[in-house]
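If you read the sequences in order, they're chains A and B.
Residue numbering for the first sequence follows UniProt numbering, starting at 1 and increasing by one per position.
Residue numbering for the second sequence follows UniProt numbering, starting at 1 and increasing by one per position.
Even for Gly, the Cβ is constructed at its ideal location relative to N, Cα and C.
Okay, so here's the structure we're looking at.
2 protein chains.
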Amino acid sequence: MARLAGVSPVTVSRTLAGGKNVTPEVQQRVIEAVRQLDYLPNENARGLRPGQHSGLIGVAITNLSNPFYGTFALGVEEIAHARGRYILLGSTGESASRESDLIANFLSRRVEGLIVIPAGEPAPRRWVRRLGQVPIVVAAREAADLDADRVLMDDAAMARRAADDLLAEGHQRVAFIGNIVTVSAHRARYEELGRAMGAAGLRMDPRLVRGVTDDVEDAASHARDFLDIAHQPTAIIAANNRIGVGVLREYARRLDEGVRADALPLVAVFDELELGDLLRVRVRAYASDPRELGRTAARTLFERLDGVAVGGPRRLMVPA
Amino acid sequence: MARLAGVSPVTVSRTLAGGKNVTPEVQQRVIEAVRQLDYLPNENARGLRPGQHSGLIGVAITNLSNPFYGTFALGVEEIAHARGRYILLGSTGESASRESDLIANFLSRRVEGLIVIPAGEPAPRRWVRRLGQVPIVVAAREAADLDADRVLMDDAAMARRAADDLLAEGHQRVAFIGNIVTVSAHRARYEELGRAMGAAGLRMDPRLVRGVTDDVEDAASHARDFLDIAHQPTAIIAANNRIGVGVLREYARRLDEGVRADALPLVAVFDELELGDLLRVRVRAYASDPRELGRTAARTLFERLDGVAVGGPRRLMVPA
DNA sequence: GTGAAAGCGCTAACAA
DNA sequence: TTGTTAGCGCTTTCAC
Numbered sequence: 001m002a003r004l005a006g007v008s009p010v011t012v013s014r015t016l017a018g019g020k021n022v023t024p025e026v027q028q029r030v031i032e033a034v035r036q037l038d039y040l041p042n043e044n045a046r047g048l049r050p051g052q053h054s055g056l057i058g059v060a061i062t063n064l065s066n067p068f069y070g071t072f073a074l075g076v077e078e079i080a081h082a083r084g085r086y087i088l089l090g091s092t093g094e095s096a097s098r099e100s101d102l103i104a105n106f107l108s109r110r111v112e113g114l115i116v117i118p119a120g121e122p123a124p125r126r127w128v129r130r131l132g133q134v135p136i137v138v139a140a141r142e143a144a145d146l147d148a149d150r151v152l153m154d155d156a157a158m159a160r161r162a163a164d165d166l167l168a169e170g171h172q173r174v175a176f177i178g179n180i181v182t183v184s185a186h187r188a189r190y191e192e193l194g195r196a197m198g199a200a201g202l203r204m205d206p207r208l209v210r211g212v213t214d215d216v217e218d219a220a221s222h223a224r225d226f227l228d229i230a231h232q233p234t235a236i237i238a239a240n241n242r243i244g245v246g247v248l249r250e251y252a253r254r255l256d257e258g259v260r261a262d263a264l265p266l267v268a269v270f271d272e273l274e275l276g277d278l279l280r281v282r283v284r285a286y287a288s289d290p291r292e293l294g295r296t297a298a299r300t301l302f303e304r305l306d307g308v309a310v311g312g313p314r315r316l317m318v319p320a
Numbered sequence: 001m002a003r004l005a006g007v008s009p010v011t012v013s014r015t016l017a018g019g020k021n022v023t024p025e026v027q028q029r030v031i032e033a034v035r036q037l038d039y040l041p042n043e044n045a046r047g048l049r050p051g052q053h054s055g056l057i058g059v060a061i062t063n064l065s066n067p068f069y070g071t072f073a074l075g076v077e078e079i080a081h082a083r084g085r086y087i088l089l090g091s092t093g094e095s096a097s098r099e100s101d102l103i104a105n106f107l108s109r110r111v112e113g114l115i116v117i118p119a120g121e122p123a124p125r126r127w128v129r130r131l132g133q134v135p136i137v138v139a140a141r142e143a144a145d146l147d148a149d150r151v152l153m154d155d156a157a158m159a160r161r162a163a164d165d166l167l168a169e170g171h172q173r174v175a176f177i178g179n180i181v182t183v184s185a186h187r188a189r190y191e192e193l194g195r196a197m198g199a200a201g202l203r204m205d206p207r208l209v210r211g212v213t214d215d216v217e218d219a220a221s222h223a224r225d226f227l228d229i230a231h232q233p234t235a236i237i238a239a240n241n242r243i244g245v246g247v248l249r250e251y252a253r254r255l256d257e258g259v260r261a262d263a264l265p266l267v268a269v270f271d272e273l274e275l276g277d278l279l280r281v282r283v284r285a286y287a288s289d290p291r292e293l294g295r296t297a298a299r300t301l302f303e304r305l306d307g308v309a310v311g312g313p314r315r316l317m318v319p320a
């Protein structure tokens, strides 16, 4: 490359860096050679030099096929792109070991920062020690053992609104499907729901609470159980989108079997349900804003990278 | 690191590479030092050596918030993970220049291979020359100027099935929303539809064809037009998922205004419509399998990387 | 079994 | 303005 232009590698570097201290003529020669060879500087080598950054952000989400996380990633990318960064992306599938591997690999590629949706599987995050000075933003869920910035949805507000609606309609027996043990967002939604109902002199029946994180079929089977018990709940609350879809899958089966739509419990879904208003069954969605969540997570990360934000971990709330 | 273990960097490298030619004792010392320092070898430096590979696959999709592409990426990741590779991911938003930038950056990070969903914006792909020996797989859509392996859905089969259904029900006036000019998948679906209807002595009315790629609101506004013309079509065909959602958004508005569900044209949607069977309006979905598409794309890429596949570009079809 | 030397592609610092 | 030197962190080759 340098040979073709008849200059030294330094001159190539300088030209590509903006051309400071290079004769226009020489620059021209370099540019020409670059084009002729389709030369692309090796970013990995460049990042090796001290003081240079890799231009990479590591993003670990739980499940790419869930549109919530896809949209989240889109929000992250939007900001990252505006800041000239590129995304290393992986999904954990809620597995703690996969999360650990993924992050170790991100770090070994010298990402400048990390954005992580913590995996639900409960396990100590031994990888935090490896972070060193690399900033990390935890999004969508709490992670007790991570001493880092958090960007969360307003789970309590969403849950309160849901509770208000349910109470206003006179529901007394409501079921809940979600992983309240390991997924903080689900737990927050559940607890606030319980509080709001408690304030109205009601309580969640623990026999009507089932744990699932993201699995459509699992959720469907819990819904089946609820529909089959003698004293059906009057509403089923799905802690997220995928769980909601699972419940509705079971509803579709029931309708096929001749069950009437208004004989089925109301379904309340968190996180958005596309076309919920067009369904033949009674559904209510309490939507969060995954794209803005992603954007905010990325902005928060960049504030650390820029040194704009200093000090202890921050906690940001993205309104629903 | 090497100092802490009292050995040379070479010995560390050897130990981490499996420990060939290192005394178990010394290995132990190295392992211990690694743990103590939370040492992670620098993958970028490692990849710098000749003959080493980066362990990265570049994936360029059009829109992460579309669950179709999210699921596609999941399929890619599944295979990549099994092969110990990691994913550099970016979305093009259908923009040709963004596609070009993205791929240039992937290449400058020395990805081992690329998987690309070509952006719809028509523009010559000048970046192909930069590929050098890096294999690329084109997925989901054709890209005429790319001389590379392709992994496509069976658009024609899906369209034929849709046409059969429509014809069986006596539809004669059907509208189509999709970008038949620049998105080959949409075009293939449209053309096959036309062929099948032609065989039945009917034809698509060109005034009932509108171009949109992925935009929900755009699609909704076209649907609005179709609903407002005097001689309504009896069916509206959406070339993909997002377009279908757009059409249905408009339907939801109409229902709110008191329009009866059975007064609205049937909607046929390609690529899957979650919960389509639960909608209050008549909808038919012709689903493809994005996850398998992603898996197949990744497998095809690895066959090139492994040297299992040689010779000219292959064309694979993933059944719907 | 271990280490010294060399070089992957790049750029900051210094020299010419 | 341009080039030489050196070193980022790693691994391959060769010597011991």
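Exercise for review: Check the Cβ of Asn21/A against every Cβ in chain B and list those closer than 9 Å, keeping chain order.
Suggested key: The contacting residues do not exist; Asn21/A stays about 23 Å from chain B at best.
Check your understanding: Quick one: any contact between the region 296-305 of chain A and the region 78-96 of chain A, if contact means 3 or more CB pairs under 8 Å?
Key -> yes
Check your understanding: Roughly how many angstroms lie between the CA atoms of Ile57/A and Arg254/B, to the nearest whole one?
Key -> 44 Å
Review point. Which same chain residues, not among the five before or five after Phe176/A, have their C-beta less than 6 Å away from its C-beta?
Key: Tyr190, Val209, Ile237
Practice item. Less than 8 Å between the CB atoms is what I'm expecting for Val59/A and Ile115/A, so what's the real figure, rounded? Key: 5 Å
Review point. In its own chain, which residues sit with a C-beta less than 6 Å from the C-beta of Ile180/B, not counting the 5 before and 5 after it?
Key: His186, Arg187, Tyr190
Exercise for review: Show which residues of chain B have a CB atom less than 9 Å away from the CB atom of Glu77/A.
Suggested key: Leu64, Leu89, Gly90, Ser91
Exercise for review: May I ask which residues mark the beginning and end of the alpha helix (DSSP H) holding residue 322/B?
Suggested key: Because chain B in this structure spans residues 1 to 320, residue 322/B falls outside the shown range and cannot be described.
Check your understanding: Where does Tyr69/B sit, in a helix, a strand or coil, going by DSSP?
Key -> helix
**Study point:** chain B contact residues for Arg224/A, given Cβ-Cβ distances below 9 Å
**Key:** Within chain B, no residue comes near Arg224/A; the closest Cβ sits about 16 Å away, beyond 9 Å.
Review point. Looking only at C-alpha atoms, which of Val310/A, Asp289/A, Gly311/A sits nearest to Met317/A?
Key: Asp289/A
Point to revise | Length at least 4, wholly inside the UniProt domain "HTH lacI-type" (1-50) of chain B: the alpha helix (DSSP H) runs in chain order | key: 2-5, 9-16, 24-37, 43-48
Review point. Since Val151/B sits in a beta bridge, which residues does DSSP pair it with?
Key: Ala139/B, Leu316/B
**Study point:** Same chain only: Cβ atoms within 8 Å of Arg284/A, ignoring 5 sequence neighbours per side
**Key:** Ala162, Asp165, Leu266, Val267, Ala268, Val269, Gly276
**Study point:** Cβ neighbours of Gln172/A in the same chain (closer than 8 Å, five flanking residues each side left out)
**Key:** Leu202, Thr234
Practice item. Taking the CB atoms as reference points, tell me whether Glu169/B and Ser91/A lie closer together than 8 Å. Key: no
Exercise for review: Go ahead and pull the three-state DSSP assignment for Ala123/B.
Suggested key: coil
Review point. Listed from N- to C-terminal order along the chain, which residues in the region 145-167 of chain A have their beta-carbon within a distance smaller than 9 Å of any beta-carbon of chain B?
Key: none
Review point. Looking only at its own chain, which residues have a Cβ that is under 8 Å from the Cβ of Ala148/A, when we skip the five neighbours before and after it?
Key: Pro135, Ile136, Val137, Val138, Pro313
Review point. With burial defined as no fewer than 16 other Cβ atoms inside 10 Å of the residue's Cβ, what is the status of Pro118/A: buried or exposed?
Key: buried
Check your understanding: Across which residues does DSSP place Ile229/B in a beta bridge pair?
Key -> DSSP lists no partner for Ile229/B.
Exercise for review: Output yes if chain A places a C-beta closer than 8 Å to the C-beta of Asp214/B; else output no.
Suggested key: no
Practice item. Check whether the Cβ atoms of Ala309/A and Gly75/A sit closer than 8 Å, and answer yes or no. Key: no
Check your understanding: Hey, how far is the Cα of Gly70/A from the Cα of His231/A?
Key -> 38 Å
Check your understanding: Leu4/A: which of Thr11/A, Pro50/A, Arg14/A, Val30/A sits nearest, CA to CA?
Key -> Val30/A
Point to revise | Minimum Cβ-Cβ distance from Arg129/B to chain A less than 8 Å | key: yes
Review point. Among Glu292/A, Ala157/A, Val245/A, which has the Cα closest to the Cα of Tyr286/A?
Key: Ala157/A
**Study point:** Contact between the region 240-259 of chain B and the region 255-265 of chain A (3+ Cβ pairs under 8 Å)
**Key:** no
Exercise for review: Could you tell me if Thr23/A is buried or exposed, where buried requires 16 or more neighbouring beta carbons within 10 angstroms of its beta carbon?
Suggested key: exposed
Exercise for review: Could you spell out where the beta strand (DSSP E) holding Ala235/B opens and where it closes?
Suggested key: 235-238
Point to revise | With 16 other Cβ atoms within 10 Å as the buried cut-off, status of Ser8/B | key: exposed
**Study point:** Test item: CB-CB of Glu88/A and Phe106/A under 8 Å
**Key:** According to the sequence displayed, residue 88/A carries Leu and not Glu. Yes.
Practice item. Check each candidate in Ala263/A, Ser221/A, Asp262/A and name the one with the smallest Cα separation from Ala245/A. Key: It is worth fixing the name first, because residue 245/A is Val in this sequence and not Ala. For the residues Ala263/A, Ser221/A, Asp262/A, the minimum Cα distance to Val245/A belongs to Ser221/A.
Point to revise | Exposed unless 16 or more other CB atoms sit within 10 angstroms - verdict on Asn21/A | key: exposed
**Study point:** 8 Å contact criterion, which Ala219/A and Leu193/A should meet: CB distance rounded
**Key:** Between Leu193/A and Ala219/A the Cβ distance is about 17 Å, and since that is not below 8 Å, they are no contact.
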